[in-house]
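As you go down the protein sequences, you meet chains A and B in turn.
When we follow the numbering used here, the leftmost residue of the first sequence carries the number 1, and every step to the right adds one.
When we follow the numbering used here, the leftmost residue of the second sequence carries the number 1, and every step to the right adds one.
Yeah, the Cβ is synthetic: ideal placement off N, Cα and C, and Gly gets one too.
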Amino acid sequence: MSASNNSLIPSFRRPPSRVAIRRTPNYQADLTALLDETLREFDLPVQGRTVLLKPNFVEPDPQGVINTHPAVVAAARECFLHLGARNVIVAEGPGHERDTEGILETNRLRHHLGPLADKFVDLNLDDVRLVPTRTRASTVKELYLPRTVLEADFVVSMPKLKTHHWAGVTLSLKNMFGIVPGNCYGWPKNALHWAGLTRSILDINSTVRPDFAIVDGIVGMEGNGPLQGDAKPCGLLVAGDDPVAVDATCTRIMGMVPERIDYLAHAGLLLGHLKKENIRQLGESPESVRTSFAVLAAFDRLREVASKTPHPFTPSPLPSPQGEGRGGRDLR
Amino acid sequence: MLYDRMCPGGGWNSGNPLVYGTAGVPRIGPTVWALLALKNYRDRSENCQSLDWLGRAYTQIQGPGSLALAHLCLKVHGRSVPALGPSLAVLNSNNQFLGHTLVAAWAAIALSGRPRWLTTEARN
Numbered sequence: 001m002s003a004s005n006n007s008l009i010p011s012f013r014r015p016p017s018r019v020a021i022r023r024t025p026n027y028q029a030d031l032t033a034l035l036d037e038t039l040r041e042f043d044l045p046v047q048g049r050t051v052l053l054k055p056n057f058v059e060p061d062p063q064g065v066i067n068t069h070p071a072v073v074a075a076a077r078e079c080f081l082h083l084g085a086r087n088v089i090v091a092e093g094p095g096h097e098r099d100t101e102g103i104l105e106t107n108r109l110r111h112h113l114g115p116l117a118d119k120f121v122d123l124n125l126d127d128v129r130l131v132p133t134r135t136r137a138s139t140v141k142e143l144y145l146p147r148t149v150l151e152a153d154f155v156v157s158m159p160k161l162k163t164h165h166w167a168g169v170t171l172s173l174k175n176m177f178g179i180v181p182g183n184c185y186g187w188p189k190n191a192l193h194w195a196g197l198t199r200s201i202l203d204i205n206s207t208v209r210p211d212f213a214i215v216d217g218i219v220g221m222e223g224n225g226p227l228q229g230d231a232k233p234c235g236l237l238v239a240g241d242d243p244v245a246v247d248a249t250c251t252r253i254m255g256m257v258p259e260r261i262d263y264l265a266h267a268g269l270l271l272g273h274l275k276k277e278n279i280r281q282l283g284e285s286p287e288s289v290r291t292s293f294a295v296l297a298a299f300d301r302l303r304e305v306a307s308k309t310p311h312p313f314t315p316s317p318l319p320s321p322q323g324e325g326r327g328g329r330d331l332r
Numbered sequence: 001m002l003y004d005r006m007c008p009g010g011g012w013n014s015g016n017p018l019v020y021g022t023a024g025v026p027r028i029g030p031t032v033w034a035l036l037a038l039k040n041y042r043d044r045s046e047n048c049q050s051l052d053w054l055g056r057a058y059t060q061i062q063g064p065g066s067l068a069l070a071h072l073c074l075k076v077h078g079r080s081v082p083a084l085g086p087s088l089a090v091l092n093s094n095n096q097f098l099g100h101t102l103v104a105a106w107a108a109i110a111l112s113g114r115p116r117w118l119t120t121e122a123r124n
């Protein structure tokens, strides 16, 4: 299992995190060289190990706006092999579409990686094991998780930089929804939504905390994300070994306040750093690359308001999951 | 209830037909399952719209599972489709169906012709 799965650490005991922001003009740039230089700044413990790359492949996406771009996935795979990884697997459990291969072909993953039979695992159909959740935030006390994820030594969350019409944003933590198998939780994974979206995100990430995150922000999505929004070219890759810090940084880049996003605010208590003073930025600064993402009206409150007054860190009460008070659901 | 969930213009997806006022995009799998479930209502306009959508989408399908299901559904409803075998052979050569038993099963069912257990029965 991933080395960082034991790291439920209060933020005041956690050492500072590092997040790298790199500019790149497009997907045709030398992403391998850029990521190689970036990853070497982190001294990652992947020598001789199995690395699992978890991109965000949701639906067929010929325009390349919804899914993590395959060029980024291919570059990451090559970089981890350069770092001495014994094996690098790309794995995803698409939440809306059972025809995984159709998504991969539309996304042109084979064009970038070659034949996929020995490089890609469909997590929706993998063998599973029942694992107690570490935070027990939701009504789901145990999760069926794929063997491929549990046996990986190093897990990399590779999301797209997008808004989300329920969560506010979808980044490296929300991306981990895709490790939960559709064979057990359906298409889409409504069982987890019913258990409470924020709570489920916490439970999944406390149980399988990504060791690293690489965010595809070369072209993100704004507006009615994560599927029906508009392309938002940003020309960025964001990477770090603390997924909470990566998501906080990305949220600031998007012109929003991470403390106002429920799941991030709560994740910042135990799973990683949220506050700027605890995050050391490498490469560009969030301020220098900030670009305001359009959001649905209901999420206007997440936007950064120009103010000299520090925002108090006050996580909102977790919303009640739908299952509570109505008999709940036995999700085992 | 199924018809309530149909996407504007035909077809179904696994989410909502409308999200914040934007029409949902139909997908092959849910459309096939809905149409097979509704096969006894062939005269309803929703069925015709959805079959029309499926017929147009058929030529763009890139996954073997979706191709097999779409082929099966169109044949059950009496729509003409190209031969399935050569297309599946090409897709299998790409990634070996990613080793999915389910996809292989769907392909086998679709290649077997028009299964009796899916034969359309007209109902007024």
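Nearest-angstrom Cα distance between residue i and residue j?
{"i": "residue 247 (chain A)", "j": "residue 171 (chain A)", "result": "6 angstroms"}
{"i": "residue 28 (chain A)", "j": "residue 72 (chain A)", "result": "10 angstroms"}
{"i": "residue 219 (chain A)", "j": "residue 230 (chain A)", "result": "10 angstroms"}
{"i": "residue 17 (chain A)", "j": "residue 201 (chain A)", "result": "21 angstroms"}
{"i": "residue 111 (chain B)", "j": "residue 69 (chain B)", "result": "10 angstroms"}
{"i": "residue 146 (chain A)", "j": "residue 262 (chain A)", "result": "27 angstroms"}
{"i": "residue 140 (chain A)", "j": "residue 75 (chain B)", "result": "42 angstroms"}
{"i": "residue 65 (chain A)", "j": "residue 116 (chain B)", "result": "42 angstroms"}
{"i": "residue 311 (chain A)", "j": "residue 249 (chain A)", "result": "Low local confidence applies: a pLDDT of 41 at residue 311 (chain A) is under 50, so the model's placement there is unreliable, with the coordinate-based value given in what follows. So the two alpha carbons sit approximately 16 angstroms from each other."}
{"i": "residue 282 (chain A)", "j": "residue 41 (chain A)", "result": "9 angstroms"}
{"i": "residue 7 (chain B)", "j": "residue 36 (chain A)", "result": "44 angstroms"}
{"i": "residue 46 (chain B)", "j": "residue 226 (chain A)", "result": "28 angstroms"}
{"i": "residue 110 (chain A)", "j": "residue 104 (chain A)", "result": "7 angstroms"}
{"i": "residue 133 (chain A)", "j": "residue 209 (chain A)", "result": "11 angstroms"}
{"i": "residue 17 (chain B)", "j": "residue 1 (chain B)", "result": "12 angstroms"}
{"i": "residue 254 (chain A)", "j": "residue 58 (chain A)", "result": "21 angstroms"}
Would you check if the distance between the CB atom of residue i and the CB atom of residue j is smaller than 8 angstroms?
{"i": "residue 122 (chain A)", "j": "residue 100 (chain B)", "result": "yes"}
{"i": "residue 124 (chain A)", "j": "residue 70 (chain A)", "result": "no"}
{"i": "residue 175 (chain A)", "j": "residue 159 (chain A)", "result": "yes"}
{"i": "residue 206 (chain A)", "j": "residue 8 (chain A)", "result": "yes"}
{"i": "residue 79 (chain B)", "j": "residue 55 (chain B)", "result": "yes"}
Chain A beta carbons: is any one of them nearer than 8 angstroms to that of residue i?
{"i": "residue 71 (chain B)", "result": "no"}
{"i": "residue 56 (chain B)", "result": "no"}
{"i": "residue 5 (chain B)", "result": "no"}
{"i": "residue 27 (chain B)", "result": "yes"}
{"i": "residue 14 (chain B)", "result": "yes"}
{"i": "residue 61 (chain B)", "result": "yes"}
Does any CB atom of chain B fall closer than 8 angstroms to the CB of residue i?
{"i": "residue 68 (chain A)", "result": "no"}
{"i": "residue 47 (chain A)", "result": "no"}
{"i": "residue 110 (chain A)", "result": "yes"}
{"i": "residue 302 (chain A)", "result": "no"}
{"i": "residue 94 (chain A)", "result": "no"}
{"i": "residue 151 (chain A)", "result": "no"}
{"i": "residue 311 (chain A)", "result": "Unreliable placement is indicated for residue 311 (chain A), whose pLDDT of 41 sits below 50; the coordinate value is still reported in the next sentence. It does not: the Cβ of residue 311 (chain A) has no partner Cβ on chain B nearer than 8 angstroms."}
{"i": "residue 362 (chain A)", "result": "Since the first residue of chain A shown is 1 and the last is 332, residue 362 (chain A) is not available in this structure."}
{"i": "residue 37 (chain A)", "result": "no"}
{"i": "residue 148 (chain A)", "result": "no"}
{"i": "residue 135 (chain A)", "result": "no"}
{"i": "residue 115 (chain A)", "result": "yes"}
Could you name the residues of chain A that residue i contacts, counting a contact when the two beta carbons are closer than 9 angstroms?
{"i": "residue 64 (chain B)", "result": "99, 101 and 102"}
List the residues of chain B that residue i touches, going by C-beta distances under 9 angstroms, in chain order.
{"i": "residue 120 (chain A)", "result": "95 and 98"}
{"i": "residue 187 (chain A)", "result": "14, 29 and 30"}
Run down chain B in chain order and give the residues with a C-beta less than 7 angstroms from the C-beta of residue i.
{"i": "residue 228 (chain A)", "result": "19 and 22"}
In chain A, which residues lie less than 8 angstroms from residue i when you measure between Cβ atoms?
{"i": "residue 42 (chain B)", "result": "Chain A residues near residue 42 (chain B): none, gap ~25 angstroms exceeds 8 angstroms."}
Any heavy atom of the ligand ZN within a distance shorter than 7 angstroms of the CB on residue i?
{"i": "residue 25 (chain B)", "result": "Of ligands this structure carries none, so the ligand ZN is not represented either."}
Can you name the residues of chain B whose CB is closer than 8 angstroms to the CB of residue i?
{"i": "residue 224 (chain A)", "result": "19, 20 and 22"}
Margin query: For the structure I just gave you, are there three or more beta carbon pairs, one from the region 56–71 of chain B and one from the region 77–88 of chain A, closer than 8 angstroms?
Written below: no
Check: Any chance the region 183–191 of chain A sits against the region 227–242 of chain A, with 3 or more Cβ pairs inside 8 angstroms?
Finding: no
Next item on the list: Check whether the region 80–99 of chain A touches the region 44–57 of chain A, taking contact to mean three or more Cβ pairs, one atom from each stretch, closer than 8 angstroms.
Entry: yes
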